[in-house]
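**Student:** In numbering that gives the first Met the number 0, the protein residues as written are 0 to 435.
Each residue gets a CB set at the ideal place from its N, CA and C atoms; glycine is no exception.
Bear in mind the structure is a predicted one, so any value in this text is a computation, not a measurement.
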Amino acid sequence: MTLSSSLSAGVAGLQANATRLAVISDNIANSSTAGYRRGDVDFNSLVLQESRLGSYSAGGVRAQTFREVSSSGTLIGSSNATDIAVSGRGFLPVTTEDAIGLPANERPFLLTPTGGFDRSASGHLVTRSGLALTGWPTDVEGNLIGNVVRDSPNDLEPVQVSQFLTISDPTTAVRLSLNVPAADTVAGSAGAPYSTVVEYFDGVGRREELTAVFTPTVPATGTSDTWTLDFFDSAGADPSVALDSLTLTFDSSRTGRGELATVTAGTSPYDPATGILTLTVDGGPIEVFIGSDTVDGGITQIDAGFSPIAIEANGSPAGNLSNLEVDSQGFLRGVYDTGQVITLYQIPVVDVPNPNALNAENNQTFSLSAESGRPFLWDANTGPVGGVAGFSLQESTVDIARELTGLIETQRAYSSNATVVQTVDEMLQETTNLKR
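As structure tokens, this is what we get:
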């Protein structure tokens, strides 16, 4: 019984070290594979019930493989803006390229620490191995569109940039900060108008002009402190006809400092609490800030010349997508040839309670298991997860020197176990010869 148990222990040792050799071989083969997580083997002894008379039966050893998923590799720079890596704990959410068209609950939910993504023919961001990046759609300011569930991947969408190849950002807000001369509303002044032009963009990116004309009211005697403000829209049916007309009255007292006192609006709504006049031009509504008696800035009347201090308008003309970039917060942005930068998607960082229990899949990806726990989709650089780095890939966690050392140890251990088997075989042969 003792000899046979020794033989079993030796065979178990051969099998265990063969398993370790396979894991080391896999590690060495993937030492340059970006995002690869090193595998390892845990040896556990097997103990058989010992006899009370002191005889001993060898139990042998059992090898259990595992992967160090929770460890992370060093980030290395690249020349591709959409080479993306997680800097720290967490994973990027991906799916397979052939599952892009499936409903969210039918797409494989895979996790990877890094990926070299490029635009495919369909406009999706995919790796050469066929992994498609997923994320949450946002508006141009980076706000998520709709509510998202963070403990489920069902709100994630495959990132597709083809719908953003050409984009225009219509003007929605204009700020008029300028001064009109106080002397022009005094009796005997010429009463000549002043004008300033604001360039704006309509919904299809066309350049249009909104002209503001300030005409002083000249009284017969004294000072009126009153101006007429007419707006003209170059895109209107008749650009020579005023879009709207307002009456502005200023406080010219010593304490008033030339601020707006009252605004008599025409057909467009005016909110004195915000100082905003909403003009409806041909391309849609534009909020024009002119100020009020309670809001600083805007239009003033002091004894100085006509001076447009700051004329500002948002929006931009139609532009073509020239590049993509990813910031540390996980926002994927499109950079256009007009200089405009638009937020397209937010890429969350996925974490699970026990990452070492994730199932290893092909192409440096992992899938959920019962032991790994449910996923949670964090904003990058929040909670326990790290940030997202563009122009970066995550190195393999394999240390070649460590693997070669383990290779030598495994070779010696395998040879020793083979010697045990050979010795037991010789002893059994000797026992057989005693019967002759």
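Nearest by alpha-carbon distance to GLU96: which of THR64, LEU47 and GLN159 is it?
**Tutor:** GLN159
**Student:** Does DSSP put LEU403 in a helix, a strand or coil?
**Tutor:** helix
**Student:** Ignoring anything shorter than 3 residues or poking outside the segment 38-82, list the beta strand (DSSP E) runs there in chain order.
**Tutor:** 38-44, 60-66 and 74-76
**Student:** Going by C-alpha distance, which of ALA264, VAL197 and THR246 is nearest SER233?
**Tutor:** It is VAL197.
**Student:** Buried or exposed: where does SER371 fall if 16 or more other Cβ atoms within 10 Å of its Cβ makes it buried?
**Tutor:** buried
**Student:** Give the secondary structure of GLY9 by DSSP, where H, G and I count as helix, E and B as strand, and everything else as coil.
**Tutor:** Residue state, collapsed to three classes: helix.
**Student:** Quick check: what's the CA-CA separation for ASP378 versus PRO136?
**Tutor:** 14 Å
**Student:** Kindly give me the distance between the Cβ atoms of ASP229 and SER244, rounded to whole angstroms, as I take these residues to be in contact under 8 Å.
**Tutor:** 5 Å
**Student:** Could you have a look at ILE27 and say whether DSSP puts it in helix, strand or coil?
**Tutor:** helix
**Student:** Look up GLN345 in the DSSP assignment and say whether it is helix, strand or coil.
**Tutor:** strand
**Student:** Here's the rule I'm using: 16 or more other beta-carbon atoms within 10 Å means buried, otherwise exposed. How should ALA182 be labelled?
**Tutor:** exposed
**Student:** Among ASP82, THR222, VAL125 and VAL173, which one has its Cα closest to the Cα of GLY190?
**Tutor:** THR222
**Student:** Spatial neighbours of ALA219 within its chain, please: C-beta separation below 8 Å, excluding the five flanking residues on both sides.
**Tutor:** Result list for ALA219: ALA186, in chain order.
**Student:** Please report the distance separating the alpha-carbon of ASP295 from that of VAL348.
**Tutor:** 43 Å
**Student:** Thinking just about the alpha-carbon of each residue, which of ARG401, LEU433 and PRO374 is nearest to the one in PHE90?
**Tutor:** PRO374
**Student:** Check whether the segment 134-153 and the segment 273-293 touch, using three or more Cβ-Cβ pairs below 8 Å as the test.
**Tutor:** no
**Student:** Alpha carbons only, please: which of ASN432, ASN361, THR337 and PHE390 is nearest the one belonging to ASP326?
**Tutor:** PHE390
**Student:** Taking Cβ to Cβ, would you say THR277 is nearer than 9 Å to SER267?
**Tutor:** Yes.
**Student:** Keeping to the same chain, check which residues put their C-beta closer than 8 Å to that of GLY202; ignore five residues upstream and five downstream.
**Tutor:** The beta carbon of GLY202 lies closer than 8 Å to those of SER167, PRO169, GLY282 and GLY283 in the same chain, with the five residues before and after it left out.
**Student:** Decide if TYR55 is buried, meaning its Cβ has at least 16 other Cβ atoms within 10 Å, or exposed.
**Tutor:** exposed
**Student:** Using the beta-carbon count (16 or more within 10 Å), is ALA28 buried or exposed?
**Tutor:** exposed
**Student:** Can you give the Cα-Cα distance for ASP82 and ASN153, rounded to whole angstroms?
**Tutor:** Cα to Cα, the separation comes out at about 24 Å.
**Student:** Apart from the five residues just before and just after ALA359, which ones in its own chain have a Cβ nearer than 7 Å to its Cβ?
**Tutor:** ARG66 and PHE365
**Student:** Got a sec? Which residues, its chain only, sit under 6 Å from VAL147 by beta carbon, not counting five neighbours each side?
**Tutor:** Correct list, in chain order: TRP135 and ASP154.
**Student:** From ALA400 to GLY76, what does the alpha carbon distance come to, in whole angstroms?
**Tutor:** 23 Å
**Student:** With 16 other CB atoms within 10 Å as the buried threshold, where does GLY405 fall?
**Tutor:** buried
**Student:** Candidates ARG174, ASP350 and THR184: which alpha carbon is nearest ILE301's?
**Tutor:** THR184
**Student:** Within 10 angstroms of the Cβ of THR94, are there 16 or more other Cβ atoms? Answer buried if so, exposed if not.
**Tutor:** buried
**Student:** Any idea if ARG174 is buried or exposed, counting beta-carbon neighbours within 10 angstroms, 16 or more meaning buried?
**Tutor:** Around the beta carbon of ARG174, 16 or more other beta carbons lie within 10 angstroms, which makes this residue buried.
**Student:** Based on Cα-Cα distance, which residue from GLY58, ARG127, THR430 and LEU331 lies nearest to ALA388?
**Tutor:** LEU331
**Student:** Is the beta carbon of ASN16 closer than 9 Å to that of ALA62?
**Tutor:** yes
**Student:** What is the DSSP secondary structure of GLN159, counted as helix, strand or coil?
**Tutor:** Look at GLN159 here: in three-state DSSP terms it is strand.
**Student:** Quick one: grab the DSSP three-state call for ASN361.
**Tutor:** coil
**Student:** In the DSSP output, what is ILE298 paired with across the bridge?
**Tutor:** LEU177
**Student:** With a CB to CB cut of under 7 Å and the five nearest residues on each side skipped, what residues in its chain are close to ASP41?
**Tutor:** GLN63 and PHE65
**Student:** Please report the residue range of the beta strand (DSSP E) in which SER167 lies.
**Tutor:** Where SER167 is concerned, the enclosing beta strand (DSSP E) stretches over 165-168.
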